[in-house]
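Written out as structure tokens, the structure is:
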């Protein structure tokens, strides 16, 4: 069925923090004579929509259809509505939300997005009723303002049940004088495209683990928040800070809540979301990008004396705690609020478990952060920003592909990334965006997302089509960044080793010119490999030559060959140079010795920012210091991931900061969660060279009595398990017959029987001994 591009709105005025405009309802009634009619809807609701047929909500998932700059892409969805139709009167109902079509914050300049507008709707309905065919579009609907008097993806939803026309989505409803025909709306300038990203779904429900009377800590927005208010007051004021109840759900996650309450008409319930407590008080001061009253706050006003259920639509929140005011002591029950944990519906593809419960919990909080921050695409945090920061996604791409089935969502987001690329090749630091992020917040460490995601999808899934889709954009970027070099061939144009341990976010130990240029070299190498994989020889030649030039510039400018030390004399520089082959194979032993020396100098504690943290544990383990890396990751002393577990974190924080400094930082970021992949690769032993080739290289960590890991390739599951029994290791490996699987042991370990380099017939069980035991 052809999709109608006739867009309509209920009114032209769009909502802001200073003036609220209620979300519109659309309704169409029609009659069918047959009991087995066929029907299809193709729908584009901007920013978001909820779709009802005969009173039943059939929306594909939350925040439909997508989150995009509609000057680039206007997404639509297709529904078969035949199962919901009936003989006689039928009704299609639609509620629209603001989404990114009507963002409101001054931060990131979203309130000035050129495409901002009132919510708008376009759809095509095709029905076959026996021999008769019916067709209509959005201009055939009636509309009015609904019960949602304010909604925002980042802020929340304010809902007055008294303003909802009872039964408006069902047959038998009679429209009153408030229903009227829609007005024509400007058609989005972006391409109309069917959304293929994984739907956002509820993955689990959590009951509160503790309920108690409580208070809220003080809150103050950033100065630029006030710039967007122009000195005016918002309609909703700061929430009541005392007299309410704290609901603790035991875990930091992302999603919404279900409010189930019986009260009196007009009773107003205020619900404030928060990650943490400060001196026992609910504290949301780290979500300081919004006016007070609009920082992850939802409001519900009851419409009757009957039991009512409210689940906020068109928004989501990151939280562990809810602060509820406006309820009585009798209403503050366990059943009042339920946590609906949400994320994109991603298949689990990898996992790790071992005898060390701290390691298991580190993997758990990493997975929780990955899912909390995957809403169609990777976001930086689910509470404060919800932005598609490209640097965060680049850092996480491999461990996400190792553990989750994200390739279709990645492919959809890459379409948006390419459309955000300026004609000269420049990329923004966040996607989607309008004009923000091109002058700050980007640079090679962020821009490499354009290479990193296709490369990891190619590596783990064998997908070459994703390379072809992005090849031109990758080449255009390499041409662009080649022009940003200084007279010495160095690039220093963006953000560097962000959030170093116990330092300011941009307080780097390693020179920006080094990290930026190394990232360019990495893009050249991956770009060359991808270009050649799809027969783009000229693209590959350009990447090869640019890579050669920047490598020479890095080595000339930043390497002390007398000591094999990178300028800055720090962990990040040394680890990056080893990992990305800035040092030659002959130089690496001495460079690695120097890295270990630096780590010991720093007390065997990590000091890196996010670029160094992404590689240092891998470098240590690969070159023979897996035990040191394991202690640095799993140890309980600050700074380590084990420290996060020790202090009770249930997600991975934005930065390594001790308790006294962490208050304004996010407690739920995914870009430091690569350690989940580290566990699978080293103690777990699974190294994916390509979708058809795996290397099993387990590190038998002394403190572990067993470890197991799994990863699902396109051909099937690879599984490794080992356990320690006195003087031997029992190793079991399973792998699809069609996948080449090489088993390699570290020096000193031997197969008890004849040494086998390759797995035979899909599965094997091996007895492994240390060389001293073998000699006996």
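In my numbering, the protein residues as written are -11 to 764. C-beta atoms are modelled at their ideal positions from N, C-alpha and C, and glycine is treated no differently.
| Going by C-alpha distance, which of 107, 481, 224, 556 is nearest residue 131? | Of the residues 107, 481, 224, 556, the one whose Cα lies closest to the Cα of residue 131 is 107.
| query | Looking at residue 216 and residue 92, is the spacing between their C-beta atoms short of 9 angstroms? | reply | It is a contact, given that the beta carbons lie within the stated cut-off.
| message | Between the stretch 282 to 294 and the stretch 242 to 261, can you find at least three pairs of beta-carbon atoms closer than 8 angstroms? | response | Three or more beta-carbon pairs drawn from the stretch 242 to 261 and the stretch 282 to 294 are found closer than 8 angstroms, and the two stretches are therefore classed as touching.
| task | Please check the pair residue 766 and residue 10, which I expect to be a contact at CB under 8 angstroms, by giving their CB distance rounded to whole angstroms. | result | Outside the modelled stretch of the chain, which goes from -11 to 764, sits residue 766, for which no answer is possible.
| Nearest-angstrom Cα distance between residue 87 and residue 214? | Roughly 22 angstroms between the two C-alpha positions.
| message | Please state whether the Cβ-Cβ distance between residue 443 and residue 390 is less than 9 angstroms. | response | Going by beta carbons, residue 443 and residue 390 fall outside the 9 angstroms limit.
| Opening and closing residue of the alpha helix (DSSP H) in which residue 201 lies | Bounds of any alpha helix (DSSP H) do not take in residue 201; it lies within the beta strand (DSSP E) bounded by 198 to 203.
| Under a three-way DSSP split, which group does residue 494 fall into? | Correct three-state label for residue 494: coil.
| message | What does DSSP give as the partner residue(s) for residue 758 in the beta ladder? | response | 737, per the DSSP bridge assignment.
| Tell me which same chain residues have a C-beta within less than 8 angstroms of the C-beta of residue 222, skipping the five on either side of it? | Answer for residue 222: 5, 6, 279, 281, 282, listed in chain order.
| field | Contact set for residue 425: own chain, Cβ-Cβ below 6 angstroms, skip 5 residues either direction | value | Excluding the 5 residues flanking it on each side, residue 425 has same chain C-beta neighbours closer than 6 angstroms at 416, 417, 418, in chain order.
| field | residue 514: first and last residue of the uninterrupted alpha helix (DSSP H) it sits in | value | First-last of the alpha helix (DSSP H) with residue 514: 500 to 521.
| request: Could you check what DSSP says for residue 401 in three-state terms: helix, strand or coil? | output: When secondary structure is reduced to three states using DSSP, residue 401 falls in the helix class.
| said: Whole angstroms are fine: how far does the CA of residue 122 sit from the CA of residue 25? | reply: Their Cα atoms are separated by approximately 11 angstroms.
| request: Please go through the stretch 643 to 722 and give each complete alpha helix (DSSP H) segment of 4 or more residues, from N-terminal end onward. | output: List check, alpha helix (DSSP H) in window: 663 to 669.
| query | Three-state secondary structure (DSSP) at residue 145? | reply | Correct three-state label for residue 145: strand.
| said: Just to confirm the assignment, what range does the beta strand (DSSP E) spanning residue 78 have? | reply: Start and end: 76 to 85.
| message | Below 8 angstroms on the Cβ atoms is my contact criterion, and I expect residue 335 with residue 268 to pass it. Report the Cβ-Cβ distance as a whole number of Å. | response | Contact between residue 335 and residue 268 fails: their C-beta atoms lie close to 40 angstroms from each other, not under 8 angstroms.
| Cβ-based neighbour list, residue 757, same chain, cut-off 7 angstroms, excluding 5 preceding and 5 following | A distance below 7 angstroms between beta-carbons, with the five flanking residues on each side excluded, links residue 757 to the following residues of its chain, in chain order: 715, 716, 738, 740.
| Coarse secondary structure for residue 623, derived from DSSP in three states | Residue 623 falls in the coil class under three-state DSSP.
| said: Going by beta-carbon coordinates alone, are residue 50 and residue 109 separated by less than 9 angstroms? | reply: It is not a contact, given that the beta carbons lie outside the stated cut-off.
| said: Measuring straight from C-alpha to C-alpha, what distance separates residue -7 and residue 643? | reply: Between residue -7 and residue 643, the alpha-carbon positions lie close to 46 angstroms from each other.
| request: Determine the contact status of residue 103 and residue 422, defining contact as a CB-CB distance below 9 angstroms. | output: In contact: residue 103 and residue 422 (Cβ atoms closer than 9 angstroms).
| Separation of residue 63 from residue 356, as counted between CA atoms | One Cα belongs to residue 356, the other to residue 63, and the distance between them is close to 28 angstroms.
| field | Which residues DSSP lists as bridging residue 248, in chain order | value | In DSSP, residue 248 forms a bridge with 297.
| query | When burial is assigned at 16 or more other CB atoms within 10 Å of the CB, is residue 427 buried or exposed? | reply | Around the beta carbon of residue 427, a 10 Å sphere encloses fewer than 16 other beta carbons of the protein chains shown; the residue is thus reported as exposed.
| said: One question on the structure: do residue 367 and residue 490 come within less than 9 angstroms of each other, judged by their Cβ atoms? | reply: No, Cβ-Cβ distance for residue 367 and residue 490 is not below 9 angstroms.
| task | Note down, in chain order, each residue of its chain lying with its Cβ closer than 6 angstroms to the Cβ of residue 338, except the 5 sequence neighbours on either side. | result | Answer for residue 338: 390, 391, 668, 699, listed in chain order.
| said: Using only the alpha-carbon positions, how far apart do residue 767 and residue 359 sit? | reply: Residue coverage of the chain in this structure runs from -11 to 764, which leaves residue 767 outside it and unanswerable.
| message | Buried or exposed for residue 139, going by 16 or more other Cβ atoms inside 10 Å? | response | Counting the other Cβ atoms within 10 Å of the Cβ of residue 139 gives 16 or more, which makes it buried.
| Using the C-alpha atoms, what's the distance from residue 200 back to residue 251? | Rounded to the nearest angstrom, the gap between the Cα atoms of residue 251 and residue 200 is 20 angstroms.
| said: Tell me the rounded alpha-carbon separation between residue 662 and residue 565. | reply: Near 19 angstroms, if we compare the C-alpha coordinates of residue 565 and residue 662.
| query | From residue 172 to residue 166, what does the alpha carbon distance come to, in whole angstroms? | reply | Spanning the two alpha carbons is a distance of roughly 18 angstroms.
| For the ligand NAD, any of its heavy atoms closer than 8 angstroms to the Cβ of residue 27? | Because no ligand of any kind appears in the structure shown, any question about the ligand NAD cannot be addressed here.
| If you follow the alpha helix (DSSP H) that residue 478 is part of, which residue opens it and which one closes it? | Residue 478 -> no alpha helix (DSSP H), and no H or E assigned at all.
| field | Inter-residue Cα distance where the pair is residue 413 and residue 385 | value | Cα to Cα, residue 413 sits roughly 22 angstroms from residue 385.
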